Amino acid sequence: ETGVTQSPTHLIKTRGQQVTLRCSSQSGHNTVSWYQQALGQGPQFIFQYYREEENGRGNFPPRFSGLQFPNYSSELNVNALELDDSALYLCASSAGTENTGELFFGEGSRLTVL
Amino acid sequence: QKEVEQDPGPLSVPEGAIVSLNCTYSNSAFQYFMWYRQYSRKGPELLMYTYSSGNKEDGRFTAQVDKSSKYISLFIRDSQPSDSATYLCAMRASSGSARQLTFGSGTQLTVLP
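Encoded structure:
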C-alpha cells in the first residue's frame, strides 16, 4: 500500500509568480485535503476535495485553488505569490468524508517565495 | 485568541521520563481529538485518535480528553530519544462534510539519552 506522495519536495519562486503542487493520495482514499504550515506553526486547513469537487475551504483567498482528478490525485495552485506564502504545503488523504477514518499526510512541498 | 492553544516548549527531558503534553481549546463543537507527531522536515504522523471524552492507551502513549474543561493531554511513558519530535494536537467538529482539522502550534520535545 503506497502512502501519500507529494511533488516537488522543495521549490523556490519569486513574488508574483504562480506555483502548482501535486499530490497522489493513499491507495483507496478518495478525499484529499491541503494544509499550509508556516515555520513554527501548526498546519492550517486550505481546502478539501471529494469526488473532484471542493467541499470545504478554510480562510484562504481565491488565489489558492485546487483540482482533484478521477484517480483522486490532486493539485494545489497558488497565483500571485506573496512572501507570506512561504511554508510547507501538506497534502492529506482519507477514505470518504464521514467522521470515521483519519487523515494521512504526505511529507509536504516546501515553498520559498523570494 | 486561537481556537486551540498549545505550549510550544521547547521541552527537554531525560530518557525514561514521563512526558505530559497538553492543549486547551475554546470551540465546544470539537468532538474528535488527535495527536500527531512530526519529525523535522517531515509530514505529521497520526499517533492517537479519540472521540469525545475519556482515555485511550496505545503502548507507551495515553491520550486523555476532558471536554468539560476543554483540555486534552498526551502522556508518553518511558520516553526514548526516538520520541524527539514536534507533537501537534488537532481536533475537529462532527458536523459538516469537510474533515477540517484545527491544529495547535505544536510542542517541540527532545529526549536526551
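Chains as they are written, first to last, in my numbering: chain A, 0 to 113; chain B, 481 to 593.
We put the beta carbon where it would ideally sit given N, CA and C, even for glycine.
Owing to the predicted nature of the structure, the values given are computational and were not obtained by experimental measurement.
Secondary structure of residue i, DSSP reduced to three states
i	result
B/Asp558	coil
A/Leu102	coil
B/Leu568	strand
B/Asp487	coil
B/Leu592	strand
A/Leu115	As displayed, chain A neither begins before 0 nor continues past 113, which places residue 115 of chain A out of reach and without an answer.
A/Leu110	strand
A/Leu66	strand
A/Leu75	strand
B/Leu424	Shown here, chain B extends from 481 to 593; a query on residue 424 of chain B therefore has no answer.
A/Leu122	For residue 122 of chain A there is no data in the structure shown, the boundaries of chain A being 0 and 113.
Distance CB(residue i)-CB(residue j) smaller than 8 Å
i	j	result
B/Gln511	B/Ser532	yes
A/Phe68	A/Ile45	no
B/Ser585	B/Pro524	no
B/Lys536	A/Glu106	no
A/Gln56	A/Val77	Contrary to the premise, residue 56 of chain A reads as Arg rather than Gln in this sequence. Cβ atoms of A/Arg56 and A/Val77: not closer than 8 Å.
B/Trp515	B/Ala543	yes
Residue from the options whose Cα sits closest to the Cα of residue i
i	options	result
A/Thr4	A/Ser26, A/Val112 and A/Glu51	A/Ser26
B/Leu554	B/Glu485, B/Tyr567 and B/Arg521	B/Tyr567
A/Arg21	A/Val31, A/Ala79 and A/Asp84	A/Val31
B/Arg572	B/Gly539, B/Asp558 and B/Lys550	B/Lys550
B/Asp546	B/Ile498, B/Thr504 and B/Gly496	B/Thr504
B/Arg540	B/Met528, B/Gly534 and B/Ser548	B/Met528
B/Phe583	A/Gln36, A/Pro7, A/Ile11 and A/Ser24	A/Gln36
A/Glu51	A/Leu38, A/Leu75 and A/Gln40	A/Leu75
B/Arg579	A/Glu53, A/Lys12, A/Thr19 and A/Leu38	A/Glu53
B/Cys569	A/Arg14, A/Gln40 and A/Gly15	A/Gln40
Own chain residues within Cβ distance below 6 Å of residue i, not counting five before or after
i	result
A/His28	Ser92, Ser93 and Ala94
A/Arg109	His9 and Leu87
B/Asn507	Glu483
B/Phe513	Thr530, Val545, Ile552 and Met571
B/Asn502	Ser553
B/Pro593	Glu495 and Pro561
B/Ser574	Gln511
Supposed contact pair residue j and residue i - C-beta distance, whole angstroms, cut 8 Å
i	j	result
B/Asp558	B/Leu589	Not really, about 14 Å apart at Cβ, beyond 8 Å.
A/Ser73	A/Cys90	7 Å
B/Leu581	A/Leu102	7 Å
A/Leu66	A/Gln17	Their Cβ separation, rounded to whole angstroms, is 14 Å, which puts A/Leu66 and A/Gln17 out of contact at 8 Å.
B/Gln486	B/Thr587	6 Å
A/Tyr34	A/Pro42	4 Å
Any non-hydrogen atom of the ligand ZN closer than 7 Å to residue i Cβ
i	result
A/Ser73	Because no ligand of any kind appears in the structure shown, any question about the ligand ZN cannot be addressed here.
Same chain only: Cβ atoms within 7 Å of residue i, ignoring 5 sequence neighbours per side
i	result
B/Val591	Val493, Glu495, Ser559, Gln560, Pro561, Asp563 and Ser564
A/Ser85	Leu110, Thr111 and Val112
A/Pro7	Ser108
B/Ser500	Ser553 and Phe555
Spatial neighbours of residue i in its chain, beta-carbon cut-off 8 Å, leaving aside the 5 residues before and after
i	result
A/Arg14	Leu80, Glu81, Leu82, Val112 and Leu113
B/Gly534	Gln544 and Val545
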